[in-house]
Amino acid sequence: MSGDEIDVEASDKNLKKYRDSKDPRTKNATRKTKEVTEKKVAEEKSAFQQQAESVLAGLVSGDVDVRDLEESRAIKEHYFAELAKLEYEEKSGLVLPWQDMVDKVGEEYHAMRTRLIAIAPEHGPRLRSLALTSSDTEFVAALQDIIHEAMEELSLDHSEQGG
Numbered sequence: 001m002s003g004d005e006i007d008v009e010a011s012d013k014n015l016k017k018y019r020d021s022k023d024p025r026t027k028n029a030t031r032k033t034k035e036v037t038e039k040k041v042a043e044e045k046s047a048f049q050q051q052a053e054s055v056l057a058g059l060v061s062g063d064v065d066v067r068d069l070e071e072s073r074a075i076k077e078h079y080f081a082e083l084a085k086l087e088y089e090e091k092s093g094l095v096l097p098w099q100d101m102v103d104k105v106g107e108e109y110h111a112m113r114t115r116l117i118a119i120a121p122e123h124g125p126r127l128r129s130l131a132l133t134s135s136d137t138e139f140v141a142a143l144q145d146i147i148h149e150a151m152e153e154l155s156l157d158h159s160e161q162g163g
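Heads up: the sequence shown begins at 1 in UniProt numbering, then just goes up one per residue.
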């Protein structure tokens, strides 16, 4: 090293000498990267070339049918007409939005599940005292009353929501 200049060759020589030969830092990174990118470009070019040759061979041999422009336009217009028809049917109410319906049914199941799960903590103590002091028929009648009450609450919630 003389002044502010670095002796790159001596530095590379020391790196090779004191580092493991498998350490990637011992090789000159720019040279290796350049070689790798050249190989990658060549491989991509050859893959593209092979694909282009196979397409050309299919077209030349007649194995691939190519539609004329008018037929392609007719198919495109047909699909646009089908899309417009579907949009019209959705707006006019002939086709129902299935995702909204699935979401609504899920909400209803969730409300029912929550209400039925809440029966035990709300009415458990009363049912236990009824079970100890009354007959089986009175207990079953009380349980049925609780279930009917929960179902009525669910139907009232449903009618308040506009359903």
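For every residue, glycine included, the Cβ atom is placed at its ideal position computed from N, Cα and C. Since the model is a prediction, treat every value here as computed from it, not as a measurement.
If I'm right that residue i touches residue j with Cβ under 8 Å, what's the distance once you round it to whole angstroms?
i: residue 142; j: residue 130; result: 5 Å
Can the beta-carbon of residue i be found closer than 8 Å to that of residue j?
i: residue 95; j: residue 86; result: yes
i: residue 111; j: residue 156; result: no
i: residue 115; j: residue 150; result: yes
According to DSSP, is residue i part of a helix, a strand, or is it coil?
i: residue 30; result: In this predicted model, residue 30 has a pLDDT of only 46, less than 50, meaning its place in the structure is not dependable; the value taken from the coordinates is given anyway. Helix, per DSSP.
### Query
What residue ranges within the region 124-162 form continuous alpha helix (DSSP H) runs of no fewer than 4 residues, ordered along the chain?
136-160
### Task
Go through the region 63-119 residue by residue and report every complete run of the alpha helix (DSSP H) that reaches 4 residues or more, in order.
69-92
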